[in-house]
Amino acid sequence: KQVIRNADFDLIARTIEEIWSENPAFSELLQGHLDNFDYQKILILISEAEKSNNSDDGRTK
């Protein structure tokens with residue numbers, strides 16, 4: 003709750019816009035949660051995406 007109270011919602015919206023160029027589908031998913039004021043779900047999805055990206059970094063190409 004504290005994180006949500008202190009959240010900069012304009013920053014969240016701008017960040018979602020920036021994600022659009024890299025991953026439009028993920029951006030739309032996040033925007034839907036933002037529109038529904040489901041901030042906890044946004045935090046969970048971003049955390050999961052970061053974990054997934056970090057595990058991808060360790061793979062050999």
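The sequence shown begins at 3 in my numbering and counts up by one. Here a beta-carbon is modelled for each residue, glycine too, at the ideal position from N, C-alpha and C. Nothing here was measured: the structure is a model prediction, and the numbers come from that model.
Roughly how many angstroms lie between the CA atoms of residue i and residue j, to the nearest whole one?
| i | j | result |
| --- | --- | --- |
| D10 | L47 | 17 angstroms |
| L41 | E20 | Reading the sequence as shown, one finds Tyr at residue 41 and not Leu. Between Y41 and E20, the C-alpha separation is close to 18 angstroms. |
| K43 | A51 | 12 angstroms |
| A29 | K53 | Sequence check: residue 29 is Ser here, not Ala. Between S29 and K53, the C-alpha separation is close to 17 angstroms. |
| T17 | E24 | 11 angstroms |
| L32 | S57 | 21 angstroms |
| N55 | L45 | 15 angstroms |
For the alpha helix (DSSP H) containing residue i, name the first residue and the last one.
| i | result |
| --- | --- |
| F28 | P26 to D37 |
Thinking C-alpha only, which one of the options is nearest residue i?
| i | options | result |
| --- | --- | --- |
| A15 | G34, N55 and E50 | G34 |
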